[in-house]
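Chemist: For the protein sequence lines, the chains are A and B, in the order given.
Residue numbers for the first sequence follow the numbering used here, beginning at -9 and rising by one.
Residue numbers for the second sequence follow the numbering used here, beginning at 6 and rising by one.
Dropping the structure in here first, questions after.
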Amino acid sequence: MSRQYITGCTAAAEAAKLAAVEVIAAYPITPQTHIVQTLSQDVYNGVLDAVFVPVESEHSAMSATVGASITGARAFTASSSQGLALMHEVLPYAAGLRLPIVMAIANRSVASPVTIFTDHQDSLPQRETGFMQFYAESCQDIFDLILLAYKVTENKDVLLPAMVCFDGFFLSHISEPVEIPEAEEVAAFVPRTKPQYPTMDLEHPRSFNAMAFPEHFEEFQRDKFVSMAKAASVFDEAAKEFQQRFGRLHSRIETFFCEDADWILIGLGSMMGTVRTCVEELRAKGEKVGMIAIKAYRPFPVQDVVDALKNCKGVGVMDRDVGYGTGGIVYQDVSRSLYHLDKKPHLSNYILGLGGRDVTKKTVYKCFEQVKTWKDAQASDGNDVFWPDENTKVWDTWGVGE
Amino acid sequence: MYEIRLHGLGGEGVVKLSEMIGKAATASGRWAHSFPFFGTEVRGASVKAFTRVDDKPITIKSYIYEPDVLIITNELQLQDQSILSGLKDDSWLIVNTAMEQEEFAKDFGCHVIAVNATAIGYEIIGKPIVNTILLGVLIGATNIISLESAIEVLKHEFNEKLSSVNIEAMKKGYEEGKKVTQ
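As structure tokens, this is what we get:
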């Protein structure tokens, strides 16, 4: 184990390398490029015994990754933004074929307007493709979650692909100390054994990706639904083993000062690190606030979220994304989780940090202030969505009025 | 927690300097992170970078608005006074300038160190390298990290020839930083 001062992209590449991936098919895109650039160099230099397939598009990247995975190879790819959007068509194939692919996503918003900067508008819309989704808060998380993702995807009760998502630039380009274990320690955690699932085998030929008629199709979807649910406990088991081996505990939601909190902010990604800092500062002033970072977004940790939120007075859901015509995407999952409770906390939604806008401490304090005063009764017109950091100078760019 | 913001021009090693501070802090067992202001990378364009150093893991992931130290690798940057935003009474402003300390240290409302890093770079390295010298100034003035850990980082970052001249230049910067604070 050594502590290295590296960027998020390097941490992702290092995790893939130590997981001994056998095939990497990728197409470069900012802010993900450094991951596959590093891996292609490692393959060229003979540090990593893998096949690197440079493809002509992200659609081909995922297609080649699917092909490699069907043969039983441990496959890896990475993408962002428009690249992930172009992959979309192939993603449900990867899930439907039950392929244990792990893909790193350096989150970047999608055009238009064109942007290279972060929000979750690329990965969150892929949430119903059958991929598991994990979100990192630090470079250490990126490294750890990629290893955990392989452990979970390859479990025969799961066999669903996974995305490990982390904010472009705020995590992909930040340098931080990251604990990197030895290759043998990683190999012991995610051993490369003969796959326990059906693969392409010339001795026992099979047909993959056959057509399913209405009397069967639905059951294939139900199977995925059940496996996704099972992934929750498989993750928890894997996390326990991870802690024993590497000393760090990961959970599907990370709570911070929630036990006696009256007001809680919940959300995904690097901004939750800033919320954590604000919670510490507010606690020092005696304010009963807390926060939850969702690490596993798919499967969504419904019960954990309920347990952490049921006793507080107010919850603010922070969305670094926007669901046009409804509210934030994470808001939909959190409100669905709390709906069946008899006594519910007040719930409001904050859309912020889009297209790389910095989620500052000031913005977080503003959210907490709003959470404290917000009452659900105010939302009789369904207007429970706030933009706490909107720039009123350039507001109403298209003259659509209020 | 110590918060450092750096301004300069692309190609002057601003981002590298932010990273070397973080690496030296990590090497000495402290916690740090560093990152550039996110944008497109162009040689000669204005560049910003950020470093935080603390005794415990750093969770915040946001730019630095009220720096404890502001390092300016090129005095031309001062034409835009907005780069001084957020300086506090006890902040350190470290500027690479040909002006003398007394002449330069006017009403910035904080501690100021004027150092002719470009001249030191020409003298010791034979090139207008400034970032390793300013690293020395920072250490001499603030002791945020130890000189020894910075020397280790430079040895690791560059080949033997480059690291030895850069370490010499950094030590010169260190003396400049010490001089002002004594």
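Idealized CB from N, CA, C, for every residue including glycine.
Over the uninterrupted beta strand (DSSP E) stretch that includes B/V120, give me the two end residues.
Modeler: Residues H116 to V120.
Chemist: Should A/N97 be labelled buried (16 or more other beta-carbon atoms within 10 Å of its own) or exposed?
Modeler: Classification for A/N97: buried.
Chemist: Which residues in chain B have a C-beta closer than 8 Å to the C-beta of A/D252? List them in chain order.
Modeler: The premise fails here: A/D252 is roughly 22 Å from chain B at the closest Cβ pair, so nothing lies under 8 Å.
Chemist: Rounded to the nearest angstrom, how far is the Cβ of A/D311 from that of A/Q111, given a contact under 8 Å?
Modeler: Yes, they are in contact, since the Cβ atoms of A/D311 and A/Q111 sit about 5 Å apart, within 8 Å.
Chemist: Label B/K93 either buried or exposed according to how many other C-beta atoms from any shown protein chain fall within 10 Å of its C-beta, with 16 as the threshold for buried.
Modeler: Counting Cβ neighbours within 10 Å, B/K93 comes out exposed, since fewer than 16 surround it.
Chemist: In whole angstroms, what separates the C-alpha of B/T102 from that of B/E128?
Modeler: Cα to Cα, the separation comes out at about 15 Å.
Chemist: Compare the C-beta of A/G237 against all C-beta atoms of chain B and say whether one is closer than 8 Å.
Modeler: No, its Cβ sits nowhere closer than 8 Å to a Cβ of chain B.
Chemist: Between the Cα of A/K333 and the Cα atoms of A/D297, A/T267, A/E118 and A/D131, which residue gives the shortest distance?
Modeler: If we check each option's Cα against that of A/K333, A/D297 comes out closest.
Chemist: For A/T143 and A/A228, I'd like the C-alpha separation in whole angstroms.
Modeler: Those two C-alpha atoms are separated by around 11 Å.
Chemist: Taking a cut of 9 Å between CB atoms, which residues from the stretch 157 to 171 of chain A lie near chain B?
Modeler: Those residues of the stretch 157 to 171 of chain A that come within reach of chain B (Cβ to Cβ, closer than 9 Å) are D157, G158, F159, F160, L161, H163, I164, S165, E166 and P167.
Chemist: Flag A/Y(-5) as yes if its beta-carbon sits less than 8 Å from any beta-carbon of chain B, otherwise no.
Modeler: Yes, A/Y(-5) counts as interfacial toward chain B.
Chemist: Looking only at DSSP bridge pairs, what is A/E244 linked to?
Modeler: A/E244 pairs with A/A283.
Chemist: Please list, in chain order, the residues of the stretch 11 to 27 of chain B that have any C-beta partner in chain A closer than 9 Å.
Modeler: Cβ contacts with chain A: S23, E24 and G27.
Chemist: What's the gap between the Cα of B/N171 and the Cα of A/S47?
Modeler: Answer to the nearest angstrom: the Cα atoms are 43 Å apart.
Chemist: Please specify which runs of the alpha helix (DSSP H), each continuous and at least 4 residues long, are wholly inside the stretch 61 to 103 of chain A, giving them in chain order.
Modeler: Segments of the alpha helix (DSSP H) lying fully in the stretch 61 to 103 of chain A: 71 to 77 and 81 to 86.
Chemist: Counting only Cβ-Cβ distances shorter than 9 Å, please list the residues of the stretch 63 to 93 of chain B near chain A, keeping chain order.
Modeler: Cβ contacts with chain A: I63, T64, I65, K66, S67, Y68 and Y70.
Chemist: Tell me which residues share the same chain as B/V52 and place their Cβ nearer than 6 Å to its Cβ, disregarding the 5 neighbours each side in the sequence.
Modeler: Hits under 6 Å: G13, G15 and V19.
Chemist: Tell me which residues of the stretch 340 to 363 of chain A have at least one Cβ-Cβ distance to chain B shorter than 8 Å, keeping chain order.
Modeler: Residues passing the 8 Å Cβ filter: G346, D348, V349, T350 and K351.
Chemist: Within 10 Å of its beta-carbon, does A/P204 have 16 or more other beta-carbons around it, so buried, or fewer, so exposed?
Modeler: Classification of A/P204: exposed, given that the 10 Å Cβ count is below 16.
Chemist: Any C-beta of chain B within less than 7 Å: which residues of the stretch 255 to 273 of chain A qualify?
Modeler: Against chain B - using a Cβ distance shorter than 7 Å - the residues of the stretch 255 to 273 of chain A are S260, M261, G263, T264, R266 and T267.
Chemist: Going by the CB atoms, is the gap between A/C(-1) and A/S102 shorter than 8 Å?
Modeler: Not in contact: A/S102 and A/C(-1) (Cβ atoms no closer than 8 Å).
Chemist: Which residues does DSSP list as the beta-bridge partners of A/Q123?
Modeler: Note: A/Q123 sits in a beta bridge opposite A/M153 and A/R288.
Chemist: Please list the residues of the stretch 139 to 161 of chain B that have a C-beta atom closer than 7 Å to any C-beta atom in chain A, keeping them in chain order.
Modeler: Listed by position, the residues of the stretch 139 to 161 of chain B near chain A (Cβ gap below 7 Å) amount to none.
Chemist: In chain A, which residues lie with their C-beta within 8 Å of the C-beta of B/T137?
Modeler: Simply none; closest approach about 17 Å.
Chemist: Would the beta-carbon of A/E231 fall within 8 Å of that of A/A283?
Modeler: No, the pair does not count as a contact, with Cβ atoms beyond the cut-off.
Chemist: Only counting the same chain, and skipping five residues up and downstream in sequence, which positions put a Cβ closer than 6 Å to that of B/S169?
Modeler: Counting only Cβ-Cβ distances below 6 Å, and skipping sequence neighbours, we find nothing.
Chemist: Within its chain, find whatever has a CB closer than 6 Å to the CB of B/E8; leave out the 5 residues flanking it on each side and keep chain order.
Modeler: Once the five neighbours on either side are set aside, the close Cβ partners of B/E8 are R57, I69, P72 and D73.
Chemist: Check for me: the beta strand (DSSP E) holding B/A37 runs from which residue to which?
Modeler: From DSSP, the beta strand (DSSP E) with B/A37 extends over W36 to P41.
Chemist: Kindly identify the DSSP beta-bridge partner or partners of B/T186.
Modeler: None; B/T186 has no bridge partner.
Chemist: Hey, B/T64 and A/R(-7): beta-carbon distance below 8 Å or not?
Modeler: No; because the gap between Cβ atoms is not below 8 Å, this pair is not in contact.
Chemist: How long is the line joining the alpha carbons of A/R64 and A/V154, rounded to whole angstroms?
Modeler: When rounded, the distance between both Cα atoms is 16 Å.
Chemist: Taking only three categories from DSSP, how would you classify A/R(-7)?
Modeler: Reduced to three states, the DSSP call for A/R(-7) is strand.
Chemist: Suppose you measure from the CA of A/A286 to the CA of B/K111; what does that come to, to the nearest Å?
Modeler: When rounded, the distance between both Cα atoms is 53 Å.
Chemist: Using 8 Å as the cut-off, can you tell me whether the stretch 129 to 139 of chain A makes contact with the stretch 2 to 13 of chain A, which would need three or more C-beta pairs spanning the two stretches below that distance?
Modeler: Yes: the two stretches touch, three or more of their Cβ pairs being nearer than 8 Å.
Chemist: Any idea what DSSP makes of B/K53, helix, strand or coil?
Modeler: Residue state, collapsed to three classes: strand.
Chemist: Does chain A have any CB closer than 8 Å to the CB of B/S39?
Modeler: Chain A, which has a Cβ nearer than 8 Å to the Cβ of B/S39, makes this yes.
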